[in-house]
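Engineer: Attaching a single structure in structure tokens format; questions to follow.
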Amino acid sequence: MKIAYGKIGRVIEIESAKWGESGGDNEPPALLLNLADRHPDVEWVVVGKNSGWDPPRPNITNPWIEWGPALRMKANTHVYDRIRRYDEVTMPLFRELDGVVLWLGQHGTSNSPIPKVDDRETLTSPQASFVAYSSFILRGINVWRKEDPFNREEVWLLPDARNYLKARDLKWPRRHPVLCQYDWGRHEWCERYGDTRSPKECGFDAEDIEGKWRTWDTYIGSGLELVGIPKPAPLTWLPQWKERDRFGILINEARNYGMRPELTRLHAMKHYVAPLNPDWVYGTWTEASLKELGRIIKPLPYDRIFECMARTKSTFTTPSSGSHWATAKPWEAFGTGTICFFHPDYDTQGHIIPTLEQADDSDLGTLAKWLRIRTPEDLANRVQAVHTSFDTYTWLAEMQHSLLVRELETQRCVTMIEKRLGLC
16 MKIAYGKIGR VIEIESAKWG ESGGDNEPPA LLLNLADRHP DVEWVVVGKN SGWDPPRPNI
76 TNPWIEWGPA LRMKANTHVY DRIRRYDEVT MPLFRELDGV VLWLGQHGTS NSPIPKVDDR
136 ETLTSPQASF VAYSSFILRG INVWRKEDPF NREEVWLLPD ARNYLKARDL KWPRRHPVLC
196 QYDWGRHEWC ERYGDTRSPK ECGFDAEDIE GKWRTWDTYI GSGLELVGIP KPAPLTWLPQ
256 WKERDRFGIL INEARNYGMR PELTRLHAMK HYVAPLNPDW VYGTWTEASL KELGRIIKPL
316 PYDRIFECMA RTKSTFTTPS SGSHWATAKP WEAFGTGTIC FFHPDYDTQG HIIPTLEQAD
376 DSDLGTLAKW LRIRTPEDLA NRVQAVHTSF DTYTWLAEMQ HSLLVRELET QRCVTMIEKR
436 LGLC
């Protein structure tokens, strides 16, 4: 089998030294290596744009070693000439594929010039970055699915609420859900490129409106946030409780995209974190927010995250980008023996631990009642309890660690991907 792998809108870097401080760059390479190790008889082809790095496994191939030089063009190359060149170089590979796995990064509603939704005689003018990083993959998917659009379908992975699937360039609707960290759905358009057949004729449930289909994309919480989490060390850090800091936090500022102010990271810092007088805070913040907070916050390189997290007794996780999603942050804490408390608007569907409404008297329910807080005062009291009681800290740390170990053994998201690809 030959399966394409990549990320639209962003490069995949295999070397950790090239990962950014805001997080997430580790997940695509970690999943790629995991899939390659689990399926050594499958050829994993990295179609997502990258620097042309050497494959770290014999069953991983990187066409960008050849594609990169072949696709160097002058900055003023016209968009149509650019697209033609990309198709000449990349399209033959897409015709050979048996499956596709793609991460969703930044992309547009149109990534190649296509008719506008409300003015079918006028073509869109996509951003140059979307043409370079996304359009050739989306066109490649259309070509790959053409042979059997009902049974051939790419696997989409969404790690960031901001990058939901919005590309109208994709001709065929998705029958399967996008794998992410939250259950939801939204309508999306599919450009038909002059194909006059109705959705019913093609076997799809969609609405046909003036040369485009309107379809419904579903998204499901799949444990995707776990794919970049390393296997935790044994519980050797429990006796080091006294040497740990009282409270520290890694927190990047994130736009809230019009959501209510209580969901912003700035609000969480001002009302929950600052009153605790944390031992340390690391992250990426705008100058305006730092001025409002009255403190200096610097980024932390990825290779120092786990070392830093392992030196504090407790931390706090908050909504990202105005969403209620689960993220990797708690799992990272669970693996380093750091007690991770949950903001009231974080993981509101209970994908990591039950919500307070879902929590029962089981061990997992009891853990959820401890980690989920309702008010800043709740957080302050529980941080103090973990700081002053070794028994409290030990019980919570052991429960967190056991939950992480179970989830990593299950590999829920990886199994879902494998089933979609027919690998299990």
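Residue 16 is where the sequence shown starts when you use our numbering, and the numbers rise one by one after that.
Quick reminder that beta carbons are idealized off the backbone N, C-alpha and C, glycines included.
Predicted model only: the values in this text are computed from it and were never measured.
(1) Helix, strand or coil for residue 19? Go by DSSP, reduced to three states.
(2) Pick out whichever of 66, 81, 147 and 340 has its Cα sitting closest to the Cα of residue 240.
(3) Whole angstroms are fine: how far does the CA of residue 63 sit from the CA of residue 131?
(4) Under three-state DSSP, which class holds residue 313?
(5) Give me the DSSP bridge partner(s) of residue 80.
(6) With a 10 Å radius around its C-beta and 16 neighbouring C-beta atoms as the bar for buried, classify residue 269 as buried or exposed.
(7) Could you tell me if residue 95 is buried or exposed, where buried requires 16 or more neighbouring beta carbons within 10 angstroms of its beta carbon?
(8) Confirm, please, whether the CB-CB distance from residue 238 to residue 424 is below 9 Å.
(9) Roughly how many angstroms separate the alpha carbons of residue 298 and residue 313, rounded to a whole number?
(10) Can you find the residues in the same chain that come closer than 8 Å, C-beta to C-beta, to residue 51, ignoring five residues on each side of it along the sequence?
(11) Is the beta carbon of residue 331 less than 9 Å from the beta carbon of residue 374?
(12) DSSP on residue 329, reduced to helix/strand/coil?
(13) Along the alpha helix (DSSP H) that carries residue 405, what are the first and last residues, could you check?
(14) Suppose you measure from the CA of residue 364 to the CA of residue 134; what does that come to, to the nearest Å?
(15) Tell me which residues share the same chain as residue 222 and place their Cβ nearer than 7 Å to its Cβ, disregarding the 5 neighbours each side in the sequence.
(16) First and last residue of the beta strand (DSSP E) that includes residue 179?
(17) Evaluate residue 213 with the Cβ neighbour count: other Cβ atoms within 10 Å of its Cβ, from every protein chain shown; 16 or more gives buried, anything less gives exposed.
(18) Kindly list the residues whose CB is nearer than 6 Å to the CB of residue 189, restricted to its own chain and excluding five residues on each side of it in sequence; keep chain order.
(19) Just to confirm before moving on: does the CB-CB distance between residue 333 and residue 361 stay below 9 Å?
(20) Roughly how many angstroms lie between the CA atoms of residue 396 and residue 306, to the nearest whole one?
(21) On a Cα-Cα basis, can you pick out the residue from 45, 32, 27 and 325 that is closest to residue 67?
(22) Does the distance from the CB of residue 208 to the CB of residue 193 come in under 9 Å?
(23) Applying the 10 Å Cβ sphere with the 16-neighbour rule, what's the burial state of residue 319?
(24) Which complete beta strand (DSSP E) runs does the stretch 77-161 hold, if anything under 3 residues is left out?
(25) Using three-state DSSP, classify residue 227 as helix, strand or coil.
(26) In angstroms, rounded to a whole number, what distance separates the CA positions of residue 381 and residue 123?
(27) Whole-angstrom Cβ separation of residue 440 and residue 24, contact assumed at under 8 Å?
(28) So which of 184, 169 and 261 has the shortest CA-CA distance to residue 399?
(29) Three or more C-beta pairs closer than 8 Å, one from the stretch 137-153 and one from the stretch 402-409: is that the case here?
(30) If the criterion is Cβ atoms closer than 9 Å, does the pair residue 226 and residue 195 meet it?
(31) Taking just the CA atoms, how far does residue 111 sit from residue 158?
(32) Going by DSSP, name the residue or residues bridged to residue 60.
(33) When you compare each of 97, 345, 100 and 104 to residue 81 by their alpha carbons, which one comes out closest?
Structural biologist: In this structure, then:
(1) The three-state secondary structure of residue 19, taken from DSSP, is strand.
(2) The alpha carbon of residue 240 has as its nearest neighbour, out of 66, 81, 147 and 340, the alpha carbon of 340.
(3) One Cα belongs to residue 131, the other to residue 63, and the distance between them is close to 26 Å.
(4) Reduced to three states, the DSSP call for residue 313 is strand.
(5) Answer is none; residue 80 lacks a bridge partner.
(6) Buried, since its Cβ has 16 or more Cβ neighbours within 10 Å.
(7) When all chains shown are included, residue 95 counts as exposed.
(8) No; because the gap between Cβ atoms is not below 9 Å, this pair is not in contact.
(9) Their Cα atoms are separated by approximately 5 Å.
(10) Once the five neighbours on either side are set aside, the close Cβ partners of residue 51 are 57, 59, 72, 74 and 75.
(11) Contact flag unset, no.
(12) Three-state DSSP puts residue 329 in a strand.
(13) Unbroken alpha helix (DSSP H) run through residue 405: 405-425.
(14) Our two residues, residue 364 and residue 134, have alpha carbons roughly 40 Å apart in a direct line.
(15) Excluding sequence neighbours, residue 222 sits near 228 and 229.
(16) Per DSSP, residue 179 belongs to no beta strand (DSSP E) and is neither H nor E.
(17) By the Cβ-count criterion, residue 213 is exposed, with fewer than 16 other Cβ atoms from all chains shown falling within 10 Å of its own Cβ.
(18) Excluding sequence neighbours, residue 189 sits near 232.
(19) In this structure, residue 361 lies closer than 9 Å to residue 333 by Cβ.
(20) Note on geometry: alpha-carbon atoms of residue 396 and residue 306 lie some 28 Å from one another.
(21) Taking the Cα of residue 67 as reference, the smallest distance to any Cα among 45, 32, 27 and 325 is reached at 27.
(22) Against a cut-off of 9 Å, the Cβ pair of residue 193 and residue 208 comes out as no contact.
(23) Exposed is the call here.
(24) Entirely contained in the stretch 77-161, the beta strand (DSSP E) runs reaching 3 residues are, in chain order, 114-119.
(25) Correct three-state label for residue 227: strand.
(26) The C-alpha of residue 123 is placed about 43 Å away from the C-alpha of residue 381.
(27) The structure shown does not extend to residue 440, since the chain is modelled only from 16 to 439, so the question has no answer here.
(28) Nearest of 184, 169 and 261 to residue 399, Cα basis: 261.
(29) Between the stretch 137-153 and the stretch 402-409 there are fewer than three inter-stretch CB-CB distances shorter than 8 Å, so the stretches are not counted as touching.
(30) Cβ distance not < 9 Å, so residue 226 and residue 195 don't count as in contact.
(31) Between the C-alpha atoms of residue 158 and residue 111 there is a straight-line separation of about 10 Å.
(32) DSSP links residue 60 through a beta bridge to 19 and 76.
(33) Per the Cα distances, 104.
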